[in-house]
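S.K.: The structure that follows is given in the form of structure tokens.
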Amino acid sequence: MERLMIKNILYGGSPGQKVSVCGWVRTKRESKGFAFIALNDGSTQELLQLVVPGASPAFRELPQCNTGAAIRAEGVLKESPGKGQKLEVEVSGIEVFGGADPAAYPLQKKGHTLEFLREIGHLRSRTNTFGAVFRLRNILAAAVHEFFQDRGFVWVHTPIITAGDCEGAGELFTVTGLDFGKLPRNNGGNVDFSQDFFGKRTFLTVSGQLEAEFLAMSLGNVYTFGPTFRAENSNTSRHLSEFWMVEPEMAFADLKDDMSLAEDFLKFLCRRALERGEHELSFLEAQYKRTSLDELRTLSEAPFSRITYTAAVAELEKAKEKFDFPVEWGLDLQSEHERYLTDTVFRGPVIVTDYPKEIKAFYMKLNPDEKTVAAMDVLAPKIGEIIGGSQREERLDVLEARMRQAGVPGEGLQWYLDLRRFGSAPHAGFGLGFERLVQYITGMANIRDVIPCPRAPQTIGF
RNA sequence: UCCCGGGUAGCUCAGCUGGCAGAGCAGGUGGCUGUUAACCACCCUGUCGGGGGUUCGAGUCCCUCCCCGGGAGCCA
1 MERLMIKNIL YGGSPGQKVS VCGWVRTKRE SKGFAFIALN DGSTQELLQL
51 VVPGASPAFR ELPQCNTGAA IRAEGVLKES PGKGQKLEVE VSGIEVFGGA
101 DPAAYPLQKK GHTLEFLREI GHLRSRTNTF GAVFRLRNIL AAAVHEFFQD
151 RGFVWVHTPI ITAGDCEGAG ELFTVTGLDF GKLPRNNGGN VDFSQDFFGK
201 RTFLTVSGQL EAEFLAMSLG NVYTFGPTFR AENSNTSRHL SEFWMVEPEM
251 AFADLKDDMS LAEDFLKFLC RRALERGEHE LSFLEAQYKR TSLDELRTLS
301 EAPFSRITYT AAVAELEKAK EKFDFPVEWG LDLQSEHERY LTDTVFRGPV
351 IVTDYPKEIK AFYMKLNPDE KTVAAMDVLA PKIGEIIGGS QREERLDVLE
401 ARMRQAGVPG EGLQWYLDLR RFGSAPHAGF GLGFERLVQY ITGMANIRDV
451 IPCPRAPQTI GF
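With the working numbering applied, the first sequence corresponds to residues 1 to 462, in that order.
So this is what it looks like as structure tokens:
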């Protein structure tokens, strides 16, 4: 008999139907004459109840059917007389693929802390919480592609290995083929990377943006969606050393277009999460009370607030709240300031625009006031910056001047400047940290709980 | 990297001014004909994070290192 997924049985099955189902036992409840097994196969948040009558030969298999065991069950689908489920399977046969010693299996029939589950990363996806999070992560990843593909954006694959820290976005991981036992040295005593695999020092990418720019200046609208690496010694609930980033880049677009795209994008993702992950979201809402379906519904409909950096600073200056860090035009907004704007002033996502040029990257377009740049950050309640973007500087002379001021060496970036020499055009884009998005939608407090194998300083199990 | 708070049974934690290491849950055994993290009874569970020191005596006090969490910085 063909194996059915639990999702399809619960939503497409009818009483009287013969079924075969495989999965992992969540709980077993035994009486003298019968037993109940709650089974999960990862296809859905919900569990399938198996009823094993004492007369069934399957009853003899019960001692092996402990929490965690992998089994196949065959039987007849019936309407359940009990509360809590509509359908259940009256089992006639059970095959145990692999048992799970109850004394040794770490996942007990009780609640566990997220911290403990992080220590058993290879098993935590068998829990309700992580099943929900990883299914939602998939829904969102698919929705990223759906959103851009529907708008004619081309998915481009920018390199993982790069030759320079052109953007200055944090510390980089070095990639090398050199033998650490006998590193070649130059006259200065430093490692001689000219003898390395690529003939120069190379790194894991910190952003695909610069490459995405030249692809946008040929294909029109493009986006990247792939892994990104930062060697920063960040120990927070919002940072990973390896994370996934989405970076759209649009030719012939300005900051307004960029903001509209970011807003439409986030709303679309919320809507898809609600449509396709309702059971998962409901579970997480009930379990942790850090996210709410109503909040996501509001977010997917109401317009985002928008404010310039200058106006935001004025708002903070007149705030009654005491801040630990100073508020002054020219200083970057601190976490506490961002939180005040999202949680107190606007009570929702807000887009802050036109930051002082000194605190933003060299490639952002200089505004006519020559003090600010056409940058935008989308700030979300609780987690802060979820999107950072800008219109790019397309004027060669202005860009070169900005690079000199910022101390960015031009040698490795001639190809980037070429885009301003040949057929330059206004263009804009942004970067979205995918895990921050998943965090925001699921309400998980720690970013290490929204990716299967989190990489962070001193953290690389599994 | 900095500032706080932690590390005691498989898990979550209590353990006061230093004096025989505890509870709940999980697990085991038995009972129970419709359970929902089932219920009832009984039973088992320890390198008190590692090392050093003070003391007649350290889970408890001191030093040091490691690990975890929260916050900050950096950022997405």
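We treat Cβ as the ideally placed atom computed from N, Cα and C, and that holds for glycine.
Quick caveat, the model's predicted, so the values are computed rather than measured.
From which residue to which residue does the alpha helix (DSSP H) around D258 run?
M.R.: D258 -> alpha helix (DSSP H) spans 255-276.
S.K.: Just tell me which of E88, A100, P15, Q85 has its CA closest to the CA of V25.
M.R.: Residue A100 is the option with its Cα nearest to V25.
S.K.: Return the bridge partner residues of M250 from the DSSP annotation.
M.R.: The partner list for M250 (beta bridge, DSSP) reads N221, A428.
S.K.: Would the beta-carbon of Q45 fall within 7 angstroms of that of E295?
M.R.: No, these two residues do not count as a Cβ contact at 7 angstroms.
S.K.: Let me make sure I understand the geometry here. Which of V175, K256, G152 has the alpha-carbon closest to that of I307?
M.R.: Per the Cα distances, K256.
S.K.: Determine the DSSP secondary structure at P227, reduced to helix, strand or coil.
M.R.: Three-state result, P227: strand.
S.K.: Thinking V89 and G68 are a contact (beta carbons under 8 angstroms), I'd like their distance in whole angstroms, please.
M.R.: In fact, because the Cβ distance is near 20 angstroms, the residues do not count as touching under 8 angstroms.
S.K.: Between the Cα of F34 and the Cα atoms of D41, L47, N40, S56, which residue gives the shortest distance?
M.R.: Nearest option by C-alpha distance: S56.
S.K.: Which residues in the same chain as S282 place their Cβ atom closer than 6 angstroms to its Cβ, once the five residues preceding and following it in sequence are excluded?
M.R.: Excluding sequence neighbours, S282 sits near nothing in its chain.
S.K.: Since I believe D343 is in contact with T372 (beta carbons under 8 angstroms), could you give me their beta-carbon distance rounded to a whole number of angstroms?
M.R.: Going by Cβ atoms, the distance from T372 to D343 rounds to 25 angstroms, so no, they are not a contact pair.
S.K.: Cutting at 7 angstroms between CB atoms, please list the residues of its own chain near D196, excluding the five before and the five after it.
M.R.: Closer than 7 angstroms at the Cβ level, and outside the excluded window around D196, lie T176, G177, L178.
S.K.: Sort P426, A314, L399 by Cα distance to L413 and report the nearest one.
M.R.: Of the candidates P426, A314, L399, the one whose C-alpha sits nearest the C-alpha of L413 is L399.
S.K.: In three-state terms, what does DSSP make of K78?
M.R.: Here K78 sits in strand by DSSP.
S.K.: First and last residue of the beta strand (DSSP E) that includes Y11?
M.R.: That residue, Y11, is in no beta strand (DSSP E); its alpha helix (DSSP H) goes 6-12.
S.K.: When the Cα atoms are used, what is the spatial distance from P15 to A141?
M.R.: For P15 and A141, the distance between alpha carbons rounds to 35 angstroms.
S.K.: With a Cβ-Cβ cutoff of 7 angstroms, do A312 and F430 count as a contact?
M.R.: It is not a contact, given that the beta carbons lie outside the stated cut-off.
S.K.: Quick one: residues in its chain with C-beta nearer than 7 angstroms to the C-beta of E79, no 5 flanking neighbours on either side, listed in chain order?
M.R.: So the list reads P15, K86, L87, once near-sequence residues are dropped.
S.K.: How is F214 classed by DSSP in three states: helix, strand or coil?
M.R.: Reduced to three states, the DSSP call for F214 is helix.
S.K.: How far does the beta strand (DSSP E) with S390 in it reach, from first residue to last?
M.R.: S390 -> beta strand (DSSP E) spans 384-391.
S.K.: Among the candidates N138, R420, A401, whose CA atom is the shortest distance from the CA of R276?
M.R.: Nearest of N138, R420, A401 to R276, Cα basis: N138.
S.K.: For K181, does the three-state DSSP call read helix, strand or coil?
M.R.: This sequence places Gly at residue 181; Lys is not what is there. Note: G181 maps to helix in three-state DSSP.
S.K.: To the nearest angstrom, report how far apart A104 and F173 are at their CA atoms.
M.R.: One C-alpha to the other measures close to 38 angstroms.
S.K.: Let me know if T129 comes out buried or exposed under the rule of 16 or more other beta-carbons within 10 Å of its beta-carbon.
M.R.: Burial call: buried.
S.K.: Look up I447 in the DSSP assignment and say whether it is helix, strand or coil.
M.R.: Correct three-state label for I447: helix.
S.K.: Just how far apart, CA to CA, sit R126 and F325?
M.R.: If you take the alpha carbons of R126 and F325, they lie about 43 angstroms apart.
S.K.: Tell whether a beta-carbon distance below 7 angstroms holds between L48 and I6.
M.R.: A contact, by the Cβ cut-off of 7 angstroms.
S.K.: Under 7 angstroms between the Cβ atoms of L299 and E338?
M.R.: Not a contact, by the Cβ cut-off of 7 angstroms.
S.K.: Would you kindly work out how many angstroms separate the C-alpha atoms of F346 and S305, rounded to a whole number?
M.R.: So the alpha carbons of these two residues sit roughly 7 angstroms apart.
S.K.: Using beta-carbon positions only, say whether P303 and G330 come within less than 7 angstroms of one another.
M.R.: Not closer than 7 angstroms, so no.
S.K.: Apart from the five residues on each side of it in sequence, which residues of its chain come closer than 6 angstroms, Cβ to Cβ, to K28?
M.R.: Here the set comprises I37, C65.
S.K.: Does the separation of the CB atoms of A70 and G98 fall below 7 angstroms?
M.R.: Yes. Within cutoff.
S.K.: Give the secondary structure of A286 by DSSP, where H, G and I count as helix, E and B as strand, and everything else as coil.
M.R.: A286 falls in the helix class under three-state DSSP.
S.K.: Does the pairing of the region 205-217 with the region 428-447 give three or more beta-carbon distances under 8 angstroms?
M.R.: Short answer: they touch.
S.K.: Which residues does DSSP pair with F34 in a beta bridge?
M.R.: DSSP, once it has assigned bridges, lists P53 as partnering F34.
S.K.: State the beta-bridge partners of G191 as determined by DSSP.
M.R.: In the sequence under discussion, the amino acid at residue 191 is Val, which differs from the Gly named in the question. BP columns for V191 point to R185.
S.K.: Are the CB atoms of V19 and V52 within a distance shorter than 7 angstroms?
M.R.: No. Outside cutoff.
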